[in-house]
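In terms of UniProt numbering, the sequence shown has 8 at position 8, counting the first letter as 1, and numbering is strictly consecutive.
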Amino acid sequence: MREHRVGATRRWPCHCQGSSCAPTNLQATRQTKSTQPAAQRRPLPPPFRPLLIIPLPLPRRAFSPAEMAAMRTLHTAPASFIVPPAPHLVSPAPTPRGALPAKAPPAAAATIQSHARPPLSPRVGRRRPCARAASSSAGAVVASVEDAKRDVLIALSQIIDPDFGTDIVSCGFIKDLEINETLEEVSFRVELTTPACPVKDMFEEKANEVVAALPWVKKVNVTMSAQPAQPVYAGDLPEGLKKISNIIAVSSCKGGVGKSTVAVNLAYTLAGMGARVGIFDADVFGPSLPNMVSPENRLLVVNPESKSILPTEYLGVKLVSFGFAGQGRAIMRGPMVSGVINQLLTTTDWGELDYLVIDMPPGTGDIHLTLCQVAPLTAAVIVTTPQKLAFIDVAKGVRMFSKLKVPCVAVVENMCYFDADEKRYYPFGKGSGAQVVQQFGIPNLFDLPIRPTLSSSGDTGIPEVVADPQGDVAKIFQNLGVCVVQQCAKIRQQVSTAVSYDRSIRAIRVKVPDSDEEFFLHPATVRRNDRSAQSVDEWTGEQKVQYGDVPEDIEPEEIRPMGNYAVSITWPDGFSQIAPYDQLDMLERLVDVPLPATAAVASS
C-alpha cells in the first residue's frame, strides 16, 4: 500500500501496483493552436453527410381461411395452463397525476407521495418498474407488525424539524413505537430536545394527522416528551453543573443598560414555555436579583450532609445570588470575588435544568474569565442601548466571547423608543444594536421600548412577563425566548456532530460549527500531533511521542465535544487527547476519500 501526496494534502491509501493513478499532467495534454502558416495547412475534408434511406412499404398478403382458423386456435388455451401473476407484480390501475385513489382520504396525499418512487429518466427500451403493494398506498392490509412500523416511520418522516432541516425520524425523535396485534392502534412518543420547543404543538398535530391517514390505522396515541437535562460537553464538570443542558450568559460589559431586567424576564419567559430554568446572579458587588423577584425564603441554605447550597425559588425558577447569602454587597478583592463566584455556581444543587441564565457583571475582568472557564457556556445574549458609548463597551464583550468560543445568538437594544401621539420617537438615537449585528454577524436583534411598567417591575419584585403576560413587552421576550431555544438546539446539534469517526473508511470526519467545509483526517495523524505535556516537553519543546510510537492502524475509542472549541478523543492506550478545532484545521488532510458510511464512533 502506498500513499499519494499532493501539496499539503494526503491521498487516500491506494492498492494499485502501477502508475496508472498518478496525477495527470493537464498542461501536457492540453491542445494548443497550430503555429503553421495558413498556406501550409492541410485543407479539412468536407463534412460527412449521411444518406437518408426511406424504407418502402411492403405489399400485404391475404391470408387463406385455413390460416385464419389456425391463428384463432393459438389465442385460446385451457384454463389449467393459465398461471395467475404474483400479487406483488400486479400493477394497480393508473391514477391521473396529482389525483388520489377513490377510497383514500384527503389527508393521505402526502403519505401516498412518500411511498412513490422518484421518476426515472426516459430511455429507449426501458420498462417502468412494477409498483409494490404498500398498505398506505394501495389500501391493502399490512402483513406484519414490522411492515406496519415501516409504514408509520415513512409517514412520520414527512415532518421536518425547522431548526435542523431534517425529518423527525432521522433526528431520532420517535421513541417507543408500538402497534397492537390487530394492527389497528399505533402508539409512540415524540422526544424533543427541550420541553420549551416552540413547535411541539405542531409536531403533535402533524404526527396524529399523517399516521391517522394510513388506511389500516383506526387509533393513534401520541405522547410528547423531552430529553433529560444533560450537558453536551465532556470533561470533569462540577457536580452541580452535570445536569444542566444549556447555560446562557446575558452580558453587556457596561452597567445601567438593563442587563438584569433582560436576564430575569428571559428566564421567566423560558419557564413559561415549559422549561426548567434557573437564574444565577454573578454580580457580587451589586446584586440585583433580590430586588427583582420576591421569593418567600430570601436566604440560601446549605445541606449539612452534602455541603451543597440549596437555591431558593420563585414561581418555579431556581435563584442563586450573593444578595441571598445574608452578606449584602461584597467588599473584597478580585481573587476573592472569583472564588465566591466559583463556589456559588459549582456547589449549588441546581438539579435538572434545561436552561441556566447567568446575569453577568459589567466589564471583561476576572469574573467573566472564571465563569467562561468553569461553566461550559452554550451561548450569550448581548444587551445594549442606542448610545454610541454603549456600543464601544458592548464590542469589547462580543470580542471576549469570540475569543472564548462562545457564540452570541441575539442582541437586545433596551430603551430603544417610545410611542406617543401615534408616532414613534427615538430619544437616544438609533442604530447601536443594528451596528453590533452588522459588524459581528449576530443573527437576531430585538428592540425593547421605554415603558414605565418595565422599569417599575424591577422594584416591585414581579417580572414584567409575569405581571402582563399578554403585553407588547411580553411578546418581545417571547420572540427572544424562541430565538434562544432554537439557537441553542442548533449549537448542540452542530457541536455533537462536529467531529466523528467512520470505521468503514477509517477516517475522522471534521465539520467545524459555523463552517460549511468538511474534511477528513487520518487517526494516526491526529494522535501524532498532540501538543499536550504528555506528548511534548513543556520546557525544551522536544517531542516525547515519536512517529513510530503511534501505529498506523490506530482507531479512536470515543470522541466527545469539549465546549465550542475542541473535542476529547480517547485512544486505545487510555490517553485522552484534547484536540481544538483550530489545530485540526491545520493538520494534513486526506483526499480522494470514499463516500463515508454511518459513523460508528461519533461525538455525543
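Glycine included, each C-beta is placed from N, C-alpha and C at the ideal position.
Exercise. Which class does Y426 belong to by DSSP, given the choice of helix, strand or coil?
Worked result: Note: Y426 maps to coil in three-state DSSP.
Problem set entry | Reduced DSSP category for K307 - H, G, I as helix; E, B as strand; rest coil | Of the three classes helix, strand and coil, the one that applies to K307 here is coil, per DSSP.
Exercise. Can you tell me where the beta strand (DSSP E) with M224 in it begins and where it stops?
Worked result: Counting along the chain, M224 sits inside the beta strand (DSSP E) bounded by residues 219-226.
Exercise. When burial is assigned at 16 or more other CB atoms within 10 Å of the CB, is S432 buried or exposed?
Worked result: Under this definition S432 is a buried residue.
Problem set entry | the stretch 503-522 touching the stretch 578-596, judged by at least three CB pairs closer than 8 Å | When Cβ pairs closer than 8 Å are counted between the two stretches, the stretch 503-522 is seen to touch the stretch 578-596, the count reaching three or more.
Problem set entry | Proximal residues to Q478 (C-beta, below 7 Å), its chain only, five neighbours per side dropped | Excluding positions up to five away in sequence, the list reads T269.
Problem set entry | With 16 other Cβ atoms within 10 Å as the buried cut-off, status of I247 | Buried.
Exercise. Taking the alpha-carbon positions, what's the V219 to R503 distance?
Worked result: One point to set straight first is that residue 219 is Lys, not Val, in the sequence displayed. Linking K219 to R503 through their CA atoms gives a straight-line distance of about 42 Å.
For this session: Would you check if the stretch 392-400 and the stretch 560-576 touch, i.e. whether three or more CB-CB distances between them fall below 8 Å?
Result: Taking a contact to require three or more Cβ pairs closer than 8 Å, the stretch 560-576 and the stretch 392-400 do not qualify as touching.
Exercise. Between V411 and the rest of its own chain, which residues show a CB-CB distance below 6 Å, the 5 nearest in sequence each way excluded?
Worked result: Scanning its chain for C-beta atoms nearer than 6 Å, with the 5 sequence neighbours on each side dropped, one finds around V411 the residues I382, G433, V436, V437, I442, L445, in chain order.
Problem set entry | Top-ranked residue by Cα proximity to F188, from L177, P195, T194, T182 | For the residues L177, P195, T194, T182, the minimum Cα distance to F188 belongs to L177.
For this session: Could you name the residues of the same chain whose beta carbon sits closer than 6 Å to that of D447, not counting the 5 residues immediately before and after it, in chain order?
Result: Within the same chain, and ignoring the five residues on either side of D447 in sequence, the residues whose Cβ sits closer than 6 Å to its Cβ are E413, C416.
Problem set entry | Euclidean distance between Cα positions of M336 and V152 | Near 59 Å, if we compare the C-alpha coordinates of V152 and M336.
Exercise. Thinking C-alpha only, which one of I358, T385, I341, Q387 is nearest D366?
Worked result: Ranked by Cα distance from D366, the options I358, T385, I341, Q387 are led by I341.
For this session: Tell me whether L237 sits in a helix, a strand or coil according to DSSP, three-state version.
Result: Looking at L237 - three-state DSSP - the assignment turns out to be coil, as it is neither helix nor strand.
Exercise. Quick one: is L389 buried, meaning 16 or more other Cβ sit within 10 Å of its Cβ, or exposed?
Worked result: Exposure of L389 is indicated by the presence of fewer than 16 other C-beta atoms within 10 angstroms of its C-beta.
Exercise. What residue from Q546, Q494, N529, P594 has the CA that sits closest to R506's CA?
Worked result: Closest option to R506, Cα to Cα, is P594.
Problem set entry | Beta-bridge partners of E313, as assigned by DSSP | BP columns for E313 point to K318.
Exercise. In whole angstroms, what is the alpha-carbon distance linking R589 and L192?
Worked result: Distance between the alpha carbons of R589 and L192 is about 36 Å.
Exercise. The alpha helix (DSSP H) spanning E205 covers which residue range?
Worked result: Counting along the chain, the alpha helix (DSSP H) containing E205 begins and ends at 200-212.
For this session: For the stretch 380-452, list the alpha helix (DSSP H) runs that are entirely contained and at least 4 residues long, ordered along the chain.
Result: Counting only runs of 4 or more, we get 388-403, 432-440.
Exercise. From D354, S338, D283, V257, pick the residue whose C-alpha is nearest to that of M360; which is it?
Worked result: With respect to the C-alpha of M360, the residue from D354, S338, D283, V257 having the closest C-alpha is D283.
Exercise. Do I358 and K318 have their C-beta atoms closer together than 9 Å?
Worked result: Not a contact, by the Cβ cut-off of 9 Å.
Exercise. If you run the structure through DSSP and keep just helix, strand and coil, what is L177?
Worked result: L177 sits in a strand when the DSSP states are folded into three classes.
For this session: Grab me the residues of F428's own chain with a C-beta within less than 6 Å of its C-beta, minus the 5 sequence neighbours each way, in chain order.
Result: Result list for F428: P386, Q387, in chain order.
Problem set entry | Three-state class that DSSP yields for D592 in the structure shown | If DSSP states are grouped into helix, strand and coil, D592 belongs with coil.
Exercise. Are the CB atoms of T378 and M400 nearer to each other than 9 Å?
Worked result: Taking 9 Å as the Cβ cut-off, T378 and M400 do not qualify as a contacting pair.
Exercise. Quick one: any contact between the stretch 284-295 and the stretch 480-490, if contact means 3 or more CB pairs under 8 Å?
Worked result: Result no; under three Cβ-Cβ pairs closer than 8 Å.
For this session: Count the other CB atoms, across all protein chains shown, that sit within 10 Å of the CB of S252; report buried if there are 16 or more and exposed otherwise.
Result: Under a 10 Å Cβ-count criterion, S252 is classified as buried, with 16 or more other Cβ atoms of the shown protein chains found around its own Cβ.
Exercise. Out of curiosity, what's the CA-to-CA distance linking S532 and A498?
Worked result: Going by the C-alpha atoms only, they are around 21 Å apart.
For this session: On a CA-only basis, which of A212, K206, A325, R492 is nearest E185? Give me that one, please.
Result: Checking every option, the nearest Cα to that of E185 belongs to A212.
Exercise. Is it buried or exposed for Q40, if we count other Cβ within 10 angstroms and need 16 for buried?
Worked result: Reliability fails at Q40, whose pLDDT of 49 lies under 50, so the model's placement of it is uncertain and the value that follows must be treated cautiously. Exposed, by the Cβ-count rule.
Exercise. Using CA coordinates, which residue listed in G458, R298, K475 is at the minimum distance from G323?
Worked result: Nearest in C-alpha terms to G323, of all of G458, R298, K475, is R298.
Exercise. Since residue 619 is in the alpha helix (DSSP H), which residue starts that stretch and which ends it?
Worked result: Because residue 619 is not part of the residues shown, which for the chain are 1 to 604, the question remains open.
Exercise. So is G240 buried or exposed if we call it buried at 16+ other beta carbons inside 10 Å?
Worked result: Burial of G240 is indicated by the presence of at least 16 other C-beta atoms within 10 angstroms of its C-beta.
Exercise. What residue from K544, P551, Y547, Q577 has the CA that sits closest to R560's CA?
Worked result: Considering only alpha carbons, the answer is Q577.
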